[in-house]
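Chemist: Residue 322 in the UniProt record's numbering is what sits at position 322 of the sequence shown, and the numbering runs on without skipping anything. Glycine included, every Cβ here is placed at the ideal spot set by N, Cα and C. Here the structure is a predicted model, which means the values were calculated and not measured. Before anything else, here's the structure in question.
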Amino acid sequence: MDPESFGLDKTAIEICNSYMPVLDIEPRLIREGFKSLYDIQKKHISKTKQYQLNKENGDSLMDVHFFYPSGYEQNPVDHKYKAIFYIHGGGFMVDGIKKLPREISDRTNSILIYPDYGLTPEFKYPLGLKQCYQLFTDIMNGNFNPFNDLINDSISIVGESSGGNFALSLPLMLKLNNSTFFKKISKVLVYYPITDCNFETPSYNRFSEKFYLTKEGMKWCWNHYTNNDSERDEITCCPLKATIDQLKDFPETLVITAETDVLSSEGEQFGLKLSNANVKVSVLRILKTIHGFVSLDQTNDSIACRVGMDLSMNFLNNISNNSIINENNNKTLLKLL
Numbered sequence: 001m002d003p004e005s006f007g008l009d010k011t012a013i014e015i016c017n018s019y020m021p022v023l024d025i026e027p028r029l030i031r032e033g034f035k036s037l038y039d040i041q042k043k044h045i046s047k048t049k050q051y052q053l054n055k056e057n058g059d060s061l062m063d064v065h066f067f068y069p070s071g072y073e074q075n076p077v078d079h080k081y082k083a084i085f086y087i088h089g090g091g092f093m094v095d096g097i098k099k100l101p102r103e104i105s106d107r108t109n110s111i112l113i114y115p116d117y118g119l120t121p122e123f124k125y126p127l128g129l130k131q132c133y134q135l136f137t138d139i140m141n142g143n144f145n146p147f148n149d150l151i152n153d154s155i156s157i158v159g160e161s162s163g164g165n166f167a168l169s170l171p172l173m174l175k176l177n178n179s180t181f182f183k184k185i186s187k188v189l190v191y192y193p194i195t196d197c198n199f200e201t202p203s204y205n206r207f208s209e210k211f212y213l214t215k216e217g218m219k220w221c222w223n224h225y226t227n228n229d230s231e232r233d234e235i236t237c238c239p240l241k242a243t244i245d246q247l248k249d250f251p252e253t254l255v256i257t258a259e260t261d262v263l264s265s266e267g268e269q270f271g272l273k274l275s276n277a278n279v280k281v282s283v284l285r286i287l288k289t290i291h292g293f294v295s296l297d298q299t300n301d302s303i304a305c306r307v308g309m310d311l312s313m314n315f316l317n318n319i320s321n322n323s324i325i326n327e328n329n330n331k332t333l334l335k336l337l
């Protein structure tokens, strides 16, 4: 089985064919390779503020980036924006690419909050997640609003890949702690999320190699992320292991997966479990594309990326997706599950 047989576009095929296994490379060297993608000021308005983490969460300063929509500078000084809490992906160990948060901020007219949480293996589970939790609660209780321009009466959470894992785990952690902020999450949007560590799912077995993200690559990421196997039984590590009762009252959720992604089965299974818990949820599989298709710069102009972004921005903006789903030219590109 190879990428060409799935009708992937030329760019996606090139990514698959050029991707090299990273199993023998130190995580810090992988980060160095991504540094050229870290310029958060490029083509977008953003501000950065340092945030003090508690002793148990690292006892250090964490950079928090605030992405602003177009037109921000023309608005009155006291203008306030709704907030989106965005958690980047990168296998728990690499900083995220800034293309996706820029577009989300712009198309939702929101301030997007982007924490530079601690990366594994220096910050193993659950430290990165706990850092996001601490920041999220301080934003919601008003203790961290450094530019005084956030509306914090409700908030959406967005995450992609490993950030999708955090975006699903964060509400569960809030619920487990009986936090009143759990009810203030209006929506959760996740792109191709990591929800479990089961490497024998249909998508793991079907797309185990040659499709950009590999089975062995994910095993390597998990081995760096967790301290021991018992941690992988915790629902804030593997959200798919949450019970139906634990998922009740979960915020309205959109799960977007990629057809040829090892993670597609577990993402879709999580969506099904939410549905069984009577949560309002939609699961959309984008066909003929790979993991990372909405976040990678190379795939930004692909039909798959544009359709995925239109669907997800409509979701955040409370606009129906029926017209996109029903369009004839998209019937071979997406599947509503």
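At the level of alpha carbons, what is the spacing between Leu274 and Phe250?
Modeler: Residue 274 sits at position 274 when you count from the first residue of the sequence shown. Residue 250 sits at position 250 when you count from the first residue of the sequence shown. Those two C-alpha atoms are separated by around 8 angstroms.
Chemist: How long is the line joining the alpha carbons of Gly7 and Glu26, rounded to whole angstroms?
Modeler: The residue given as residue 7 occupies position 7 in the sequence shown. The residue given as residue 26 occupies position 26 in the sequence shown. The straight-line gap from Cα to Cα measures roughly 34 angstroms.
Chemist: I'd like the span of the beta strand (DSSP E) that includes Thr195, first residue to last.
Modeler: Taking the first residue of the sequence shown as 1, we reach residue 195 at position 195. From DSSP, Thr195 is part of no beta strand (DSSP E); its letter is neither H nor E.
Chemist: Can you tell me which of His79, Glu122, Phe85 and Ser105 puts its alpha carbon nearest to the alpha carbon of Val94?
Modeler: Within the sequence shown, residue 94 is the residue found at index 94, counting from 1. For Val94, the nearest C-alpha among the options comes from Glu122.
Chemist: Can you grab the Cα-Cα spacing for the pair Phe66 / Thr257, in whole Å?
Modeler: Within the sequence shown, residue 66 is the residue found at index 66, counting from 1. Within the sequence shown, residue 257 is the residue found at index 257, counting from 1. One C-alpha to the other measures close to 27 angstroms.
Chemist: Per DSSP, Glu252 forms a beta bridge with which residues?
Modeler: Position 252 of the sequence shown, counted from the start, is the residue given in the question as residue 252. Paired residue(s): Lys187.
Chemist: Determine contact between the segment 133-140 and the segment 165-184, defined as no fewer than three beta-carbon pairs at a distance below 8 angstroms.
Modeler: Short answer: they touch.
Chemist: Can you check which of these residues, Thr253, Leu247 and Asp310, is closest to Ala277 by C-alpha distance?
Modeler: Along the sequence shown, one-based indexing puts residue 277 at 277. Taking only the C-alpha atoms, the option nearest Ala277 is Leu247.
Chemist: Contact defined as beta carbons within less than 8 angstroms: I believe Asp196 pairs with Glu266. What is the distance between those atoms, to the nearest angstrom?
Modeler: For the purposes of this step, residue 196 is identified with residue 196 of the sequence shown, where counting begins at 1. For the purposes of this step, residue 266 is identified with residue 266 of the sequence shown, where counting begins at 1. The pair is a contact, with the Cβ atoms about 5 angstroms apart (cut-off 8 angstroms).
Chemist: Verify the contact flag: Phe92, CB atom, against every heavy atom of the ligand HEM, threshold strictly below 7 angstroms.
Modeler: Here there are no bound small molecules, and the ligand HEM is not part of this structure.
Chemist: Determine the burial state of Phe211: buried for a count of at least 16 other Cβ atoms within 10 Å of its Cβ, exposed for fewer.
Modeler: Taking the first residue of the sequence shown as 1, we reach residue 211 at position 211. Buried: at least 16 other Cβ atoms inside 10 Å.
Chemist: Check each candidate in Val262, Ile111, Thr48 and Phe315 and name the one with the smallest Cα separation from Val188.
Modeler: Here residue 188 refers to the residue found at position 188 of the sequence shown. The shortest Cα separation from Val188 among Val262, Ile111, Thr48 and Phe315 belongs to Phe315.
Chemist: Count the other C-beta atoms from every protein chain shown that fall within 10 angstroms of the C-beta of Glu327, then say buried if there are 16 or more, exposed otherwise.
Modeler: Mapped onto the sequence shown, residue 327 falls at position 327. With fewer than 16 other Cβ atoms within 10 Å, it is exposed.
Chemist: Should the segment 211-229 be called in touch with the segment 144-158, which here means at least 3 C-beta pairs below 8 angstroms?
Modeler: Flag = no, the segment 211-229 and the segment 144-158 do not touch.
Chemist: Going straight from the alpha carbon of Leu336 to that of Ser312, what length do you get?
Modeler: By 1-based counting over the sequence shown, the position of residue 336 is 336. By 1-based counting over the sequence shown, the position of residue 312 is 312. Roughly 13 angstroms separates the two Cα atoms.
Chemist: Would DSSP call Phe293 helix, strand or coil?
Modeler: Residue 293 sits at position 293 when you count from the first residue of the sequence shown. Coil.
Chemist: Please identify the residue among Met173, Met62, Glu56 and Cys221 whose C-alpha is closest to the C-alpha of Pro115.
Modeler: By one-based count along the sequence shown, residue 115 stands at place 115. The option with the nearest alpha carbon to Pro115 is Met62.
Chemist: For the beta strand (DSSP E) that Ile139 lies in, which residues bound it at each end?
Modeler: For the purposes of this step, residue 139 is identified with residue 139 of the sequence shown, where counting begins at 1. Per DSSP, Ile139 belongs to no beta strand (DSSP E); it is in the alpha helix (DSSP H), Leu127 to Met140.
Chemist: At what residue ranges does the segment 14-98 contain a whole run of the alpha helix (DSSP H), taking only runs of 4 or more?
Modeler: You should have 27-34.
Chemist: Residues bridged to Ser282 by DSSP?
Modeler: Within the sequence shown, numbered from 1, the residue matching residue 282 stands at position 282. Leu254.
Chemist: What are the uninterrupted segments assigned as alpha helix (DSSP H) that are 4 or more residues long and contained completely in the segment 194-240, given in chain order?
Modeler: Runs found: 202-206 and 215-225.
Chemist: Relative to the C-alpha of Arg107, which candidate in Lys124, His88 and Ile84 has its C-alpha closest?
Modeler: Here residue 107 refers to the residue found at position 107 of the sequence shown. Closest option to Arg107, Cα to Cα, is Ile84.
Chemist: From Ile319 to Leu29, what distance separates their C-alpha atoms?
Modeler: Here the question's residue 319 lines up with position 319 in the sequence shown. Here the question's residue 29 lines up with position 29 in the sequence shown. C-alpha separation (whole angstroms): 42 angstroms.
Chemist: Span of the beta strand (DSSP E) holding Val158?
Modeler: As a working mapping, residue 158 is identified with position 158 in the sequence shown. Unbroken beta strand (DSSP E) run through Val158: Leu150 to Glu160.
Chemist: What's the C-alpha gap between Ser18 and Tyr86?
Modeler: Counting from 1 along the sequence shown, the entry for residue 18 is found at position 18. Counting from 1 along the sequence shown, the entry for residue 86 is found at position 86. Between Ser18 and Tyr86, the C-alpha separation is close to 29 angstroms.
Chemist: Please identify the residue among Asn205, Tyr81, Asp245 and Ile113 whose C-alpha is closest to the C-alpha of Met1.
Modeler: On the sequence shown, position 1 is the one that residue 1 refers to. The candidate whose alpha carbon is nearest that of Met1 is Asn205.
Chemist: Which same chain residues end up closer than 8 angstroms to Gln41 when comparing Cβ atoms and leaving out the 5 residues on each side of it in sequence?
Modeler: Walking along the sequence shown from the start, residue 41 turns up at place 41. Any reading at Gln41 must be qualified, since the residue scores a pLDDT of 43, below 50, and its modelled position is unreliable; no value is offered.
Chemist: Would Asp229 be called buried (16 or more neighbouring beta carbons within 10 Å of its own) or exposed?
Modeler: Your numbering for residue 229 matches position 229 in the sequence shown. Looking at its Cβ environment, which holds fewer than 16 other Cβ atoms inside 10 Å, Asp229 is exposed.
Chemist: Going by beta-carbon coordinates alone, are Ile155 and Lys175 separated by less than 8 angstroms?
Modeler: Reading the sequence shown from its first residue, position 155 is the one you call residue 155. Reading the sequence shown from its first residue, position 175 is the one you call residue 175. Taking 8 angstroms as the Cβ cut-off, Ile155 and Lys175 do not qualify as a contacting pair.
Chemist: How many angstroms separate the CA atom of Leu334 from the CA atom of Val77?
Modeler: Taking the sequence shown and counting its residues from 1, one reaches residue 334 at position 334. Taking the sequence shown and counting its residues from 1, one reaches residue 77 at position 77. The alpha-carbon atoms of Leu334 and Val77 are separated by roughly 42 angstroms.
Chemist: Just how far apart, CA to CA, sit Glu234 and Lys241?
Modeler: Here residue 234 refers to the residue found at position 234 of the sequence shown. Here residue 241 refers to the residue found at position 241 of the sequence shown. One C-alpha to the other measures close to 7 angstroms.
Chemist: Rounded to whole angstroms, what is the Cα-Cα separation between Ser5 and Glu14?
Modeler: The residue you call residue 5 lines up with position 5 of the sequence shown. The residue you call residue 14 lines up with position 14 of the sequence shown. For Ser5 and Glu14, the distance between alpha carbons rounds to 14 angstroms.
Chemist: Starting from the C-beta of Leu37, find all residues in its chain whose C-beta is less than 6 angstroms away, skip the five residues before and the five after it, and write them out in chain order.
Modeler: Working through the sequence shown from its first residue, we reach residue 37 at position 37. Residue placement at Leu37 is poorly supported in this model, since its pLDDT is 49, which falls under 50; the coordinates are not used for a value here.
Chemist: Given a cut-off of 8 angstroms on the beta-carbon distance, is the pair Ser161 and Gly71 in contact?
Modeler: Position 161 of the sequence shown, counted from the first residue, corresponds to residue 161. Position 71 of the sequence shown, counted from the first residue, corresponds to residue 71. Cβ atoms of Ser161 and Gly71: not closer than 8 angstroms.
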